[in-house]
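In the order they appear, the protein sequences are chains X and S. Numbering-wise, the first sequence is residues 92 to 358 according to our numbering. Numbering-wise, the second sequence is residues -1 to 270 according to our numbering. We put the CB at the ideal spot given by N, CA and C, even for glycine.
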Amino acid sequence: MTAAPAVAFEGVTIRFRAPKGGVHTVLTDISLEIADGTFLAIVGPSGCGKSTLLNVAAGLLEPPDGRTLVFGEPLRGINRHAAYLFQQDALLPWRTVLDNVMLGLVFRSVAREQAERLALRFIERVGLRGFEDRFPHQLSGGMRKRVALAQSWIVGPRILLMDEPFGALDVQTRQIMENELLDLWQESRQTVLFITHDLEEAIALADRVVVISAGPAARVKGDYEVTLARPRDVAEIRLNPDFMQLYKRIWSDLRDEVRHSYEAGNR
Amino acid sequence: MSAERPEQAEERVASTGGKPLDRTLVLTLQIGVFLLLMATWEALSASKILDPFYFSRPSEIFAKMAVWIYTGFILPHLAVTLLEALLAFIIGTALGVGAGLALARVEILARIFDPYIRIFNALPRVILGPIFILWFGLGIASKVALAVTLVFFIVFFNTFQGIREVDPVVRNNARMLQASERQLLRYVYLPSALAWIFSSLHTSIGFALVGAVVGEYLGAAEGVGYVVAQAQGVFDTTGVFAGLILTSALVLVIDMGINRLERYLLRWRPGA
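This is the structure:
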C-alpha cells in the first residue's frame, strides 16, 4: 500500500452567495493530490481563487461539493496537521514576539517553561534574538513575517499552508526570506502548499507547480514537475537554463489566464 | 518594565507635526483660563449683574467646600456616593462585558434580544428611579440599581462592537494554531475588545455617578445628591454649586485611575 497523499482535493467546487443575489462560483471541480513531503506552488492570476483553495485545505472553508482528504482522512473542521502563514499580518498585536511564537504550544497545553525554551530557539533561528519583548507594531514588515514563520513552524506541522507570505516585502528581503524558508524546509521536509502570483518565485521554491485558470469557476490548467537540483539559492537559480526553459513553458500557460483575468477586470 | 524604549530617553526625537507644545506653557494657560473665569464670575456677582442669590460667588463656594471638608461634614456623603458609583460601575461593567461577549459570539442570542435591548435602551432610565426606590428602599441599593442601568448599556454596546470588529485574519490564525473556544476568548476576543471597553469606561464612570446622585436626589438620607437636594430646599445656591464641583472632582480622580490602567493594558498599541 502506498502512503496516502498529504492533501487530496476531490472535485472541490466553491460557490459563494453574491452580494447582489445569485451565486458566484469561484472554483470548479478541483482535483489534486499532493504527496507527503512535496513543495507545491500554486500560481494563477489574482482573484482566481488560489487563497480560497488554501482555506479549504486549512479547514476554514467547507466546500459544498467535493471533499478534502488529509493523509487519507476526510477533513472535518480545522486541519489539525496544518499550519497557516497568512498573507496579511496575523500576529496578535497585544502579545510580544515571544508570546506570539509560543502561542501554538500554549494552545496545546505545553508547559510554559518548555514552550518558552523552544520559542527562544525558533526566535534565534529566524534571526530575531533580542527582540523577544517587542510588540509586533515595533517591528518591520519583514521581521513580522519572520515571527509568523516561527509561530507556524514551532508546532511541527506536517503540512504548511502559505498564502503569498512574502508578497508585501521588498525584493531583497523577499529573497532572503525565500532562502530561509528553503533552509528550514530542507531540514524538516513537510508538505508545503505555497500560493503565489509570481511564477519565478514558484519555480525557484517548488517541486511542482500547478497553474489555476482565471476565475470565475477556475480550474486546474496545468501541472508541472520542477526537477531543478536542491539545495537551491533562489537568486542564482533564476539564471539556470533549465529554470528559464521551464519558466517559458509554464508562462505560455499562465499568460492566457492572466490576460483573461485582466480583460475581465477591465470590462 | 517591558523593553527599554529609547525614544523616552533624554535625546531629541523626531516629531511628526511642528514643534511639540511646552507642557508648562499649556498648564499655565489652563490655570489662567480658570482664574479668568472665576474672577469674571466673582466680579459680576459682586456688582450684582449676576444675582448672587441664584448664582452665588466662587469665593463663597470654595469657602463652603473648605468648611465641608474641614469639619468633615461632607466626607460620609462623598463616601456613600462613591460607594454607590463604584458598585454600579463594577456590576454594570461586569454585566455589560458578559452580555456583550455572549451576544457577539452567539448569533441566536443576538437575534432574540436585539429588539428588547433597543427598547430598553430607548427608555429614559432616570424614570426607573422612583420604581427602584419602591423596590429597593431609600438605601444605597436603589441608587446602585439605577446607575447600573446606565452603565450597562454603554459597556454592553462597546463590548459587542469590539468583539464583532476582531480582525478575521488574526482570529483564523489563532484557530489554525488550535485555540479552543475559551482560548480564543482569552487570547483574541477580549484583548481585541479591550480598547473599545476602555473607551466606554471613561463615559460610564461619569454615568455611574449621575445614576448615584440622581438616585439620591430622588430620595435618600445621605450622599452628595442628598446634600444638593437639601441645599436646594433652603435656596442655598452656594451649597448646590459646592456639591456639583465636588462630584465632578470625584469623577476626574476616578477617570485618572482608569487612564493609568488603560495605558498599562493597552501598551501594545502603536503610539501608546
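Problem set entry | Three-state secondary structure (DSSP) of A148/X | Taking the first residue of the first sequence as position 1, residue 148/X is located at position 57. Helix at A148/X.
Exercise. How would you list, in chain order, the residues of chain S whose beta-carbon sits under 8 Å from the beta-carbon of Y315/X?
Worked result: Taking the first residue of the first sequence as position 1, residue 315/X is located at position 224. Those do not exist, as Y315/X stays about 28 Å from chain S at its closest Cβ, beyond 8 Å.
For this session: Note down the Cα distance separating E291/X from L123/X, rounded to an integer number of angstroms.
Result: Here residue 291/X refers to the residue found at position 200 when the first sequence is read from its first residue. Here residue 123/X refers to the residue found at position 32 when the first sequence is read from its first residue. Between E291/X and L123/X, the C-alpha separation is close to 22 Å.
For this session: Check each candidate in R173/S, A206/S, E58/S and L182/S and name the one with the smallest Cα separation from T149/X.
Result: What you label residue 149/X is simply residue 58 of the first sequence in a count that begins at 1. Thr is not the amino acid found at residue 149/X; the sequence shown has Ala there. Ranking R173/S, A206/S, E58/S and L182/S by Cα distance to A149/X puts R173/S first.
Exercise. So what's M92/X in DSSP terms, helix, strand or just coil?
Worked result: One-based indexing of the first sequence puts residue 92/X at position 1. Any reading at M92/X is ruled out, since the residue's pLDDT is 45, under 50, leaving its predicted position unreliable.
Exercise. Going by beta carbon distance, what residues of the same chain come within less than 8 Å of Q277/X, once the five residues before and after it are set aside?
Worked result: The count along the first sequence starts at 1 and reaches residue 277/X at position 186. Cβ within range, chain order: R321 and P322.
Exercise. Which whole-angstrom value describes the C-beta separation of F100/X and Q181/S, a residue pair presumed to lie in contact below a C-beta threshold of 8 Å?
Worked result: Sequence index remark: in the first sequence, residue 100/X carries index 9 (1-based). Sequence index remark: in the second sequence, residue 181/S carries index 183 (1-based). About 30 Å; that fails the 8 Å criterion.
Problem set entry | Interface residues of the region 171 to 185 of chain S facing chain X [CB-CB below 9 Å] | N171, A172, R173, M174, L175, Q176, A177, S178, Q181 and Y185
For this session: Compute the Euclidean distance between the alpha carbons of V217/X and V211/S, then round it to the nearest angstrom.
Result: Translated into the one-based positions of the first sequence, residue 217/X becomes position 126. Translated into the one-based positions of the second sequence, residue 211/S becomes position 213. The straight-line gap from Cα to Cα measures roughly 58 Å.
Problem set entry | Under 7 Å from the C-beta of W185/X: neighbouring residues of chain B | Of the chains in the structure shown, none is chain B; the protein chains are X and S.
Exercise. What are the residues of the region 139 to 173 of chain X that lie near chain S, defined by any Cβ-Cβ distance shorter than 9 Å?
Worked result: N146, A149, G150, L151, I169, N170, R171 and A173
Problem set entry | Strand pairing of T116/X, partner residues [DSSP] | Residue mapping note: residue 116/X aligns to position 25 of the first sequence, counting from 1. R106/X.
Exercise. For E164/X, is the beta carbon positioned less than 6 Å from some heavy atom of the ligand GTP?
Worked result: The ligand GTP is not among the ligands present in this structure, which contains no ligands whatsoever.
Problem set entry | Secondary structure, alpha helix (DSSP H): runs of 4+ residues fully inside the region 123 to 187 of chain X | 141 to 149
Problem set entry | Inter-residue Cα distance where the pair is G231/S and L192/S | Working through the second sequence from its first residue, we reach residue 231/S at position 233. Working through the second sequence from its first residue, we reach residue 192/S at position 194. Going by the C-alpha atoms only, they are around 44 Å apart.
Exercise. Span of the alpha helix (DSSP H) holding V246/X?
Worked result: As a working mapping, residue 246/X is identified with position 155 in the first sequence. Note, V246/X: premise wrong, no alpha helix (DSSP H); not H, not E.
Exercise. Name the chain X residues whose beta carbon is nearer than 9 Å to that of V167/S?
Worked result: Mapped onto the second sequence, residue 167/S falls at position 169. The contacting residues are F177, Q178, Q179, D180 and A181.
For this session: Return the bridge partner residues of D314/X from the DSSP annotation.
Result: The sequence position of residue 314/X within the first sequence is 223, counting from 1. D314/X pairs with V301/X.
Exercise. Leaving out the 5 sequence neighbours to the left and right, which residues in its chain are closer than 8 Å to G356/X when beta-carbon positions are compared?
Worked result: Along the first sequence, read from residue 1 onward, the residue named residue 356/X stands at position 265. So the list reads G138, once near-sequence residues are dropped.
Exercise. DSSP on A7/S, reduced to helix/strand/coil?
Worked result: Sequence index remark: in the second sequence, residue 7/S carries index 9 (1-based). Caution is warranted here: a pLDDT of 42 is assigned to A7/S, below 50, making its placement in the model unreliable, and the coordinate value is therefore given only provisionally. The answer is coil: DSSP assigns A7/S none of H, G, I, E or B.
Exercise. Sorted by chain position, which residues of the same chain lie with C-beta nearer than 7 Å to P110/X's C-beta, five sequence neighbours on each side aside?
Worked result: In the first sequence, the residue the question calls residue 110/X occupies position 19. If we look at P110/X and ignore the five residues flanking it on each side, it has no Cβ neighbours.
Exercise. When burial is assigned at 16 or more other CB atoms within 10 Å of the CB, is L121/S buried or exposed?
Worked result: As a position in the second sequence, residue 121/S is number 123, starting the count at 1. It counts as exposed.
Problem set entry | Length of the line joining the Cα atoms of D156/X and L240/X | Translated into positions along the first sequence, residue 156/X becomes position 65. Translated into positions along the first sequence, residue 240/X becomes position 149. Their Cα atoms are separated by approximately 32 Å.
Exercise. So what does DSSP say about D347/X, is it helix, strand or coil?
Worked result: Against the first sequence, residue 347/X aligns to sequence position 256. Residue state, collapsed to three classes: helix.
For this session: List in chain order: all unbroken beta strand (DSSP E) runs of 3+ residues lying wholly within the region 122 to 186 of chain S.
Result: none
Problem set entry | Alpha carbon of W266/S to alpha carbon of T22/S, nearest angstrom | Looking up residue 266/S in the second sequence gives position 268. Looking up residue 22/S in the second sequence gives position 24. Cα-Cα distance, rounded: 29 Å.
Problem set entry | Cβ contact (3+ pairs, closer than 8 Å) linking the region 147 to 163 of chain S and the region 85 to 94 of chain S | yes
Problem set entry | Cβ pair V302/X, V134/X closer than 7 Å | One-based indexing of the first sequence puts residue 302/X at position 211. One-based indexing of the first sequence puts residue 134/X at position 43. In contact: V302/X and V134/X (Cβ atoms closer than 7 Å).
Problem set entry | Exposed unless 16 or more other CB atoms sit within 10 angstroms - verdict on Y353/X | As a working note, residue 353/X is residue 262 in the first sequence. Y353/X should be labelled exposed.
For this session: Identify which residue in A145/S, R103/S, V124/S and L242/S has its Cα closest to the Cα of T157/S.
Result: In the second sequence, counting from the first residue as 1, residue 157/S sits at position 159. That would be R103/S, whose Cα lies nearest to the Cα of T157/S.
Exercise. Of all the CB atoms in chain S, is at least one closer than 7 Å to the CB of G195/X?
Worked result: Stepping through the first sequence from its first residue, residue 195/X is reached at position 104. So, interface residue.
For this session: Please name the residue in V208/S, G204/S and I243/S whose C-alpha comes closest to that of M254/S.
Result: By one-based count along the second sequence, residue 254/S stands at place 256. Nearest option by C-alpha distance: G204/S.
Problem set entry | G233/X versus F257/X, M253/X and F226/X, residue with shortest Cα-Cα distance | Looking up residue 233/X in the first sequence gives position 142. Checking every option, the nearest Cα to that of G233/X belongs to F257/X.
Problem set entry | Residue from A97/X, V188/X, D344/X and K312/X with nearest C-alpha to L230/X | Walking along the first sequence from the start, residue 230/X turns up at place 139. Nearest option by C-alpha distance: V188/X.
Exercise. Would the region 46 to 53 of chain S and the region 185 to 201 of chain S be scored as touching if the rule is three or more Cβ pairs under 8 Å?
Worked result: no
Exercise. Of the residues P307/X, V300/X and R171/X, which one's Cα is nearest the Cα of Y315/X?
Worked result: Your numbering for residue 315/X matches position 224 in the first sequence. Cα-wise, what sits closest to Y315/X is V300/X.
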